[in-house]
Each structure stands twice: as structure tokens, then as C-alpha cells.
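Below: the structure, in C-alpha cells.
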Amino acid sequence: MEAPDTFSLLDLGVDPTTKAVTSSSSSLTAQLDVLNSTHRGLLQLSTPNQAPPPPLPVQPQRSAQIGKLRDSAQAALKKQPTSTSNNPSSSEIPSNVSEAIKLYTLAIDMALSRPTWEPSGLLREEAAIMLSGRAEAYGLARQWGDSFVDAQLSIECKRAGNALAYARGGRALVEMGRRVEAKDFLAQGADGENTALQGAKGQLNQLKAQIAQAQAQGQQVPPQALGQVKQMETAVSNQEEALKELNILAKDVA
3 MEAPDTFSLL DLGVDPTTKA VTSSSSSLTA QLDVLNSTHR GLLQLSTPNQ
53 APPPPLPVQP QRSAQIGKLR DSAQAALKKQ PTSTSNNPSS SEIPSNVSEA
103 IKLYTLAIDM ALSRPTWEPS GLLREEAAIM LSGRAEAYGL ARQWGDSFVD
153 AQLSIECKRA GNALAYARGG RALVEMGRRV EAKDFLAQGA DGENTALQGA
203 KGQLNQLKAQ IAQAQAQGQQ VPPQALGQVK QMETAVSNQE EALKELNILA
253 KDVA
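For this note's numbering, add 2 to where a residue sits in the sequence shown, where the first one is 1.
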């Protein structure tokens, strides 16, 4: 016998100006936040009837803004640190590091607020990069707990090809006196990143072989393919440098 249908009256309201749905029930907060965020995103669309566009191609403006925030954060970390304190042992965060943390936070918020109809892989990729960057900034501020949390979140967003996040998380564990955990954390990262690097090299070599074969047969290679090779070469080079840093740290902790 089927259970009888039930009706639950929810305490909901609609703001007459913003049209946002509200409720006094804390259990509905998360769901309503998603609903209202999606509604705001739809209102900002310039498509006919404000209908969601296809997932691809993605509008480049958000990625460009995220990239600018990241560049500004990295530039801030390279500035000469300044402090308003006359006490050299003060725990005050240098102004340039504080600025970088704020910029990375803005970039993270922008990445995580991507419309739900855009590819989740792009969101995870951008969030992973920004979280790893903020982990570095927190480390320079000696806020090791926050640094480790950001490194972990970065790895959750992107497990492969993220050696810097493992290195920054491992460094944070060491500074917090958790060397045993750091040893396991770094070893796990080094193993996974080495596998990821070999896979990336294999894909790059395969693409190069396909291009060479096409050229040998007198076929014209699309510029996009050549551009992809350059991008992959840069990515592999960055992975190698990050893995080298990770291996050095893992050896020091072992």
C-alpha cells in the first residue's frame, strides 16, 4: 500500500524588488541561495528571452577577469613587503601578502560563481589554481592552517597536475609540526604527480607523432593543432618544475 501524499507548507516570501525568494527557515538557506544565484545569472544574460546558452563556447570575460586577478596577486607577492608596525617580531601580515590574499579570494569567488550551465571542469580548473595560489599567500603570512586547507581544496578540485598544491600543503603540515602526516601527504602527491606527468608526456608525444605523420604525407596541419602542442609543452614544463619542487620537499621531510 502506498503511503499517503503529504503537503508541507514552506515559509517562503518573494522580495518585490529583486524577486529573490526568502525564508525564515535556516534549513532552506542553501537551496534558496542556489535558486536565487541561478535567477540572477539568468537576468544578466543577453541571449534571446534570457535563455541559458549552450555550455560551449564559454564567454571569455569571466576567465579574463580571473586571470587579471591572479596576475595582480602574483605581482603583489613580488612587491617589497611593508609593515606599519615598529615591532620586528610582530605577527602583522605584510601589506603585499594581505593584498594578494584579497585578490586571490576575489578570483576564487568569481570562479565558484560561474553559471551552472557552464562546464564544471572549467570551474574546477580555475578554482584549483586560485586556491593553490592563496595557499602560498597564506603560507607567506604564516597562517599555516589556512594554507593547508586551501591546498587540500585545490587538490580536491584537481587531483592530477597539481604538484604545487601538494608542496604547499606539505609545507604547511611541516610548519604545524605534523611531520608524519606531511611525509605521507607529500609521498602520495609525488607518486600521483609523477604518473600524471608521464601521462601528459605520452599525450604530447602522441600528438607530435600524428602531426609529423600528417606532414610526411603532405597534409596541411591546422594551426589549432600546432597551438595545442605549444600549450601542452608549456603545461608539461610547468608540471616538471612543480614536481621537482615537490620531490625536494618530500626528500627533506623523509
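C-beta atoms are modelled at their ideal positions from N, C-alpha and C, and glycine is treated no differently.
Between Phe-187 and Gly-172, the C-beta spacing is below 8 Å. Annotation note: the region 100-143 contains the following uninterrupted alpha helix (DSSP H) runs of length 4 or greater, listed N- to C-terminal: 122-142. Relative to the Cα of Ala-165, the nearest Cα in the group Asn-249, Ser-48, Val-36, Pro-62 belongs to Asn-249.
Ranked by how close their Cα comes to the Cα of Leu-228, the residues Gln-221, Gln-215, Ser-239, Lys-210 have Lys-210 in first place. Inter-residue distance for Asp-148 and Tyr-140 is about 6 Å (C-alpha atoms, whole angstroms). Under DSSP, Gly-15 forms a beta bridge with Thr-24. A residue is called buried when at least 16 other Cβ atoms come within 10 angstroms of its Cβ; Pro-96 meets this threshold and is buried. For the pair Met-132 and Ala-109, the CB atoms are nearer than the 8 Å cut-off. Per DSSP, Val-223 lies in no alpha helix (DSSP H) and is assigned neither H nor E.
Taking 8 Å as the cut-off, the Cβ atoms of Val-238 and Ile-213 do not count as close. Shown here, Glu-195 sits in a helix according to DSSP, grouped into three states. In this structure, Pro-121 places its C-beta atom within 8 Å of the C-beta atom of Val-60. Look at Arg-161 here: in three-state DSSP terms it is coil, with no helix or strand label. The DSSP-derived three-state label of Leu-47 is coil. Shown here, Asp-7 sits in coil according to DSSP, grouped into three states, outside any helix or strand.
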